[in-house]
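If you number the sequence shown the way my numbering does, the last residue is 294 and the count never jumps. Scroll down for the structure; my scribbles are underneath it.
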Amino acid sequence: MTSPTLHVERQLSASVDLCYRQSVPILRVTHPACSATISLFGGHLITFAPAGEKSLTWMSDNAIYDANTPLRGGVPICWPWFGHTGQPSHGFARRQMWQLANIEETPKGVTIQLQLSDSDASRALWPHCFQATVTFTLTHHADIALTVTNTDQHPWTMGGALHSYLAVEDSEQANVEGLGCQYLDNFAAGKAVPATGKVTFEEPVDRIYTGADNTLTVTDPMGNRRLKVNNQGASSAVIWNPGQAASIQMADMDDNGYLKFVCVEAAIEQPTQVVHPGQSYTLATQLMDERHSS
Numbered sequence: 001m002t003s004p005t006l007h008v009e010r011q012l013s014a015s016v017d018l019c020y021r022q023s024v025p026i027l028r029v030t031h032p033a034c035s036a037t038i039s040l041f042g043g044h045l046i047t048f049a050p051a052g053e054k055s056l057t058w059m060s061d062n063a064i065y066d067a068n069t070p071l072r073g074g075v076p077i078c079w080p081w082f083g084h085t086g087q088p089s090h091g092f093a094r095r096q097m098w099q100l101a102n103i104e105e106t107p108k109g110v111t112i113q114l115q116l117s118d119s120d121a122s123r124a125l126w127p128h129c130f131q132a133t134v135t136f137t138l139t140h141h142a143d144i145a146l147t148v149t150n151t152d153q154h155p156w157t158m159g160g161a162l163h164s165y166l167a168v169e170d171s172e173q174a175n176v177e178g179l180g181c182q183y184l185d186n187f188a189a190g191k192a193v194p195a196t197g198k199v200t201f202e203e204p205v206d207r208i209y210t211g212a213d214n215t216l217t218v219t220d221p222m223g224n225r226r227l228k229v230n231n232q233g234a235s236s237a238v239i240w241n242p243g244q245a246a247s248i249q250m251a252d253m254d255d256n257g258y259l260k261f262v263c264v265e266a267a268i269e270q271p272t273q274v275v276h277p278g279q280s281y282t283l284a285t286q287l288m289d290e291r292h293s294s
């Protein structure tokens, strides 16, 4: 993963600049505690690194920055549905331009809020009124909270996911722990399979773990680090790596890009979460290097 070329437009605060990469506006965070980049297109965390360390998230060198194509890597927001339960795949939130709502800085880090509201375009795909706020709290770890408020006159249901691509040196040597529960195997037509311990990635993986622990651990022996993922508000954890054959078919991924990440997603895999008028629901994830967990 190479560092992107960003063109600075203006400074927004002591630690945050508004930049562009091609057509995409990006917030660049440079703080004593951490560095990060956040795309306003999609409300999308691109990179996050504690001070002096490598990014915890992986971003494809072939990602397309045209403000139309969802970005490959980082932490995409899949909402108001996950997967192919609606069109477009993984919802419309990752294909919309979010608005900057607030920036707060402290000696410990930076908090950035972005917002997205319903529009004629969104209602053509999903006929409901809403306000979505994604809050990025960036210190020595990254906290991402998607809070969605029903501003309509009737209840509606939602699904979604925070689709974290976690950076590893070699996915075929990495593993994920904390998934001691049954999973649905999407490479076996959604068959329910008993869990068998750590998840490894010698082969393509696409699994939905229902009832997974909130805290999961990614061990990256080749990168000499362990990443902690703490999910809240999720009904399941999705573990995904496409393998080489699928990577070759993806225009926005290098043929060997699959070796550089594993996806550990906080998910509501079915659009069954009811939100009543005036009420809100929050789906959240925290990404942390284990060395900073104390």
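Don't be surprised by glycine CBs; every beta carbon is placed ideally from N, CA and C.
Inside the region 95-169, DSSP marks whole beta strand (DSSP E) runs of 3 or more residues at positions 99-106, 109-117, 130-138, 142-150, 156-162, 165-167, from first to last along the chain. The continuous beta strand (DSSP E) containing A267 extends over residues 261-275. Pairwise C-beta distances place the region 209-217 out of contact with the region 18-32, as fewer than three of them are shorter than 8 Å. Taking every protein chain shown into account, the CB of D220 has 16 or more other CB atoms within 10 angstroms, so this residue is buried. Per DSSP, the unbroken beta strand (DSSP E) holding A192 starts and ends at 191-193.
S247: not part of any beta strand (DSSP E); member of the alpha helix (DSSP H) spanning 243-248, first to last residue.
Below 8 Å, too few C-beta pairs join the region 177-196 and the region 144-153 to call them touching: fewer than three. A distance below 6 Å between beta-carbons, with the five flanking residues on each side excluded, links V238 to the following residues of its chain, in chain order: I208, E265, A267. Comparing alpha-carbon positions, the option among R94, V110, F261, P50 lying closest to S39 turns out to be R94. Judged by beta-carbon spacing, R226 lies within the 8 Å limit of E290, meaning their Cβ atoms are closer than that value. Per DSSP, N68 lies in no beta strand (DSSP E) segment and is marked neither H nor E. Residue burial is scored here from C-beta neighbours: K191 has fewer than 16 other C-beta atoms within 10 angstroms and is therefore classed as exposed. When secondary structure is reduced to three states using DSSP, A33 falls in the coil class, being assigned neither helix nor strand. Note on N256: under 16 other CB atoms within 10 angstroms of its CB, so exposed under the neighbour-count rule.
According to DSSP, S280 shares a beta bridge with T149. In this chain, the beta strand (DSSP E) harbouring I46 covers 44-50.
For S293 and D120, the gap between their C-alpha atoms comes out near 44 Å.
With a cutoff of 8 Å on beta-carbon distance, L287 and L116 are scored as not near each other. For Y258, no beta strand (DSSP E) run applies, since DSSP gives it neither H nor E. The continuous beta strand (DSSP E) containing V16 extends over residues 16-21. A246 sits exposed, since fewer than 16 C-beta atoms from the chains shown fall within 10 Å of its C-beta.
Nearest C-alpha to T69 among L259, D252, K260: D252. A188 sits in a helix when the DSSP states are folded into three classes.
Shown here, E9 sits in a strand according to DSSP, grouped into three states. The way I'd put it, the region 70-90 does touch the region 40-49; three or more beta-carbon pairs between them come closer than 8 Å.
A234 sits away from D143, with the two beta carbons spaced by 8 Å or more. Pairing R123 with C129, the inter-Cα distance amounts to about 8 Å.
Scanning its chain for C-beta atoms nearer than 6 Å, with the 5 sequence neighbours on each side dropped, one finds around N231 the residues N214, A266, T285, in chain order.
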